[in-house]
Amino acid sequence: MSARVLVVDDQEPNVRLLEAKLKAEYFEVVTAFSGQAAIEKAISEQPDVILLDVMMPGMDGFETCRRLKADRRTRHIPVINVTALDQPEDRVRGLEAGADDFLTKPVDNLPLFARIRSLLRLKELLDELRLREENAEERGLSVATDDPELLDSARVLIIAGEERVIRHISAKLPDTIKVDSEIAPELAVRRTTDGYDLVLVDLTTRAYDALRTCARIRSNSETRTLPIIAIVDPDEVARSVRALDLGVNDIVNRPIDRGELNARLRTQLRRKRYADTLRERLEDSLEMAVTDPLTELSNRRYISSRLQQAALMVSGGEMQASVMIADLDHFKRVNDTYGHEAGDAVLVEFAERLRNQLRAIDLAGRFGGEEFVVLMPEADLDDARIGAERLRAAIYDTPFRLPEDGGELDVTVSIGVAQILPGEDVEAVMRRADIALYRAKAAGRNKVVVEDKAERAA
Numbered sequence: 317m318s319a320r321v322l323v324v325d326d327q328e329p330n331v332r333l334l335e336a337k338l339k340a341e342y343f344e345v346v347t348a349f350s351g352q353a354a355i356e357k358a359i360s361e362q363p364d365v366i367l368l369d370v371m372m373p374g375m376d377g378f379e380t381c382r383r384l385k386a387d388r389r390t391r392h393i394p395v396i397n398v399t400a401l402d403q404p405e406d407r408v409r410g411l412e413a414g415a416d417d418f419l420t421k422p423v424d425n426l427p428l429f430a431r432i433r434s435l436l437r438l439k440e441l442l443d444e445l446r447l448r449e450e451n452a453e454e455r456g457l458s459v460a461t462d463d464p465e466l467l468d469s470a471r472v473l474i475i476a477g478e479e480r481v482i483r484h485i486s487a488k489l490p491d492t493i494k495v496d497s498e499i500a501p502e503l504a505v506r507r508t509t510d511g512y513d514l515v516l517v518d519l520t521t522r523a524y525d526a527l528r529t530c531a532r533i534r535s536n537s538e539t540r541t542l543p544i545i546a547i548v549d550p551d552e553v554a555r556s557v558r559a560l561d562l563g564v565n566d567i568v569n570r571p572i573d574r575g576e577l578n579a580r581l582r583t584q585l586r587r588k589r590y591a592d593t594l595r596e597r598l599e600d601s602l603e604m605a606v607t608d609p610l611t612e613l614s615n616r617r618y619i620s621s622r623l624q625q626a627a628l629m630v631s632g633g634e635m636q637a638s639v640m641i642a643d644l645d646h647f648k649r650v651n652d653t654y655g656h657e658a659g660d661a662v663l664v665e666f667a668e669r670l671r672n673q674l675r676a677i678d679l680a681g682r683f684g685g686e687e688f689v690v691l692m693p694e695a696d697l698d699d700a701r702i703g704a705e706r707l708r709a710a711i712y713d714t715p716f717r718l719p720e721d722g723g724e725l726d727v728t729v730s731i732g733v734a735q736i737l738p739g740e741d742v743e744a745v746m747r748r749a750d751i752a753l754y755r756a757k758a759a760g761r762n763k764v765v766v767e768d769k770a771e772r773a774a
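Counting with the working numbering, you get residues 317 to 774 for the letters of the sequence shown.
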């Protein structure tokens, strides 16, 4: 897994040492020798990971990290603090400044590359989600990059081989966290799908293979992005590296320091909140891309793509399908007489009645204005005509209520129906359905007209 790494240290020999190690593993390396230079390089070069020294003159690594995480252009880039400081309070300070991880000098190659690979996997996921971020911000949405109440509402599952260990870990967590626990590995894996925000796994247990438990959590699609913090013996470096390679998000060494555990917990919860927000944005963007905002039916672009797919399937002999085009009669009069608010209300109510008359496999979309298109898979002309008549009656039989006690309004719809023929394109079937719709209008409206089979064969 190659990537671009920004190495920051005020001592050139330290920079060159890390640079040599990284280049030997085929990483691209960018360097900076001060906090301000690191910020500028991070903005211009957009590295995948930043290795940031803490003890630097002027702006130290803690302040540099705070500024990187406060800037929307760089806050998504993982930061690993690299320092000779090795006390728990130093790690806590770095994590609270926004660092994603912490390595102590002299840096061991195995933990270094394991941490980088782990953070690169995370960044790949976040980068994919962030593709929609700018559009979401234009719609007035915002991303929560920090939340002082993160630890007040979190649900955490502790997985350990002994109740004694569970009690010890629980005692290190804030009282505000809702903590559940499990000692049976099979049951623990199943329970991780119950909406937890984070899982703490004790890798030091001898009761079972806790690494396998972590791997099973990661292999489940429902829990693939669930944060996992592993508790390890500091002497078992290879086991820690293996855990990171399996997808564990972070590691806490025994003996557990309360401040460091909670700082790492907060980092993982903040990261999860950020990723969840981006996923919600992505889902909103995808829905907006295929949905008409007024009627909540499919929009023209989406229904057109589905018509194309149906035409290909008909040509391949996989199914038959028909199309109906429905147009509200004299709709312009509604807008002119009662106003556009009333017109919108009629369109929304029409869409609701349309949905109620469709089969589960039918797909309806607003093609524009007062015109609607329905794709009816596995429907020949007779089936489509029956469905169209059902829709026409549902519109005609019950008056529409106008907003703000504006009374009731009789509304009718004209519908043209055509069947997709093997080998033809969507434009052809839509043209035939449109001709049938025109005939319905010419025949006095409030009518269903099916295409003329003789004419379509000519």
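All C-beta atoms, glycine included, are put in the ideal place defined by N, C-alpha and C.
With three or more beta-carbon pairs closer than 8 Å as the criterion, would you say the stretch 530-537 touches the stretch 483-492?
no
Does the stretch 319-326 come within contact of the stretch 365-384, defined as at least 3 CB pairs closer than 8 Å?
yes
Quick one: grab the DSSP three-state call for K339.
helix
Could you check whether E767 and V733 sit closer than 8 Å to each other, using their CB atoms as the reference points?
For V733 and E767, yes; Cβs fall inside 8 Å.
Report the partner residues of L396 according to the DSSP bridge assignment.
The question names Leu, but residue 396 in the sequence shown is Ile. L367, D417, per the DSSP bridge assignment.
With DSSP as the reference, label A700 as helix, strand or coil.
helix
Only counting the same chain, and skipping five residues up and downstream in sequence, which positions put a Cβ closer than 6 Å to that of T714?
none
Distance, Cα to Cα, R409 vs G684?
If you take the alpha carbons of R409 and G684, they lie about 57 Å apart.
Fully enclosed by the stretch 621-672, which beta strand (DSSP E) runs are 3 residues long or longer?
637-644
Beta-carbon gap between F429 and E341 smaller than 8 Å:
yes
Look at the alpha carbon of T380 and the alpha carbon of D424, and state the distance between them as a whole number of angstroms.
Those two C-alpha atoms are separated by around 24 Å.
Rank V321, A626, E657, T593 by C-alpha distance to the C-alpha of K339 and give the top, closest one.
Nearest C-alpha to K339: V321.
What residue from Q624, G632, T728 has the CA that sits closest to D745's CA?
Before going on, a small fix: residue 745 reads as Val here, not Asp. Looking from the CA of V745, the closest CA among Q624, G632, T728 belongs to Q624.
Only counting runs of 3 or more residues, tell me where the beta strand (DSSP E) segments fall wholly within the stretch 701-738, in order along the chain.
729-735
In the DSSP assignment, what are the bridge partners of R471?
K494, per the DSSP bridge assignment.
What are the boundary residues of the alpha helix (DSSP H) that includes G351?
351-361
Return the CA-CA distance between I547 and A605, expressed in angstroms with no decimal places.
43 Å
Look at the alpha carbon of E454 and the alpha carbon of G760, and state the distance between them as a whole number of angstroms.
Because the pLDDT at E454 is just 46, under 50, the model does not fix this residue reliably, and the point stays unresolved.
Taking C-beta to C-beta, are V764 and A704 nearer than 8 Å?
The criterion of a C-beta distance shorter than 8 Å is satisfied by V764 and A704.
For P550, the nearest candidate out of N651, Y512, P427 (CA to CA)
P427
Which residue comes first and which comes last in the beta strand (DSSP E) that contains G681?
679-684
Counting only the same chain and skipping the five closest in sequence on each side, list residues whose C-beta sits under 8 Å from that of A460.
Residue confidence for A460 is low, a pLDDT of 43 falling below 50, so the modelled location carries little weight; the figure read from the coordinates is stated next. Within the same chain, A460 has close Cβ partners R589, Y590, T593.
Contacting residues, own chain, Cβ-Cβ under 8 Å from V630 (five flanking each side not counted)
Q636, A637, I736, L737, P738
Could you tell me the distance, in whole angstroms, from the CA atom of G722 to the CA atom of Q584?
54 Å
Roughly how many angstroms separate the alpha carbons of R580 and L473, rounded to a whole number?
Using only the alpha carbons, I get a separation of about 15 Å.
Just to confirm the assignment, what range does the alpha helix (DSSP H) spanning P404 have?
404-412
Going by DSSP in three states, R617 sits in which element: helix, strand or coil?
helix
Please classify D416 as buried or exposed, where buried requires at least 16 neighbouring CB atoms within 10 angstroms.
buried
Supposed close pair I641, E687 - CB separation, criterion 8 Å
Contact flag correct, Cβ pair sits at about 7 Å.
Are the CB atoms of D660 and L610 nearer to each other than 8 Å?
yes
Give me, in chain order, the residues of the same chain whose beta-carbon lies closer than 7 Å to that of V495; leave out the 5 immediate sequence neighbours on both sides.
V472, I474, S486, L489
Nonlocal neighbours in the same chain, by C-beta distance under 8 Å from E498, ignoring five residues either side
L473, I474, I475, A504, R507
Buried or exposed (CB count within 10 angstroms, at least 16 for buried), A400
exposed
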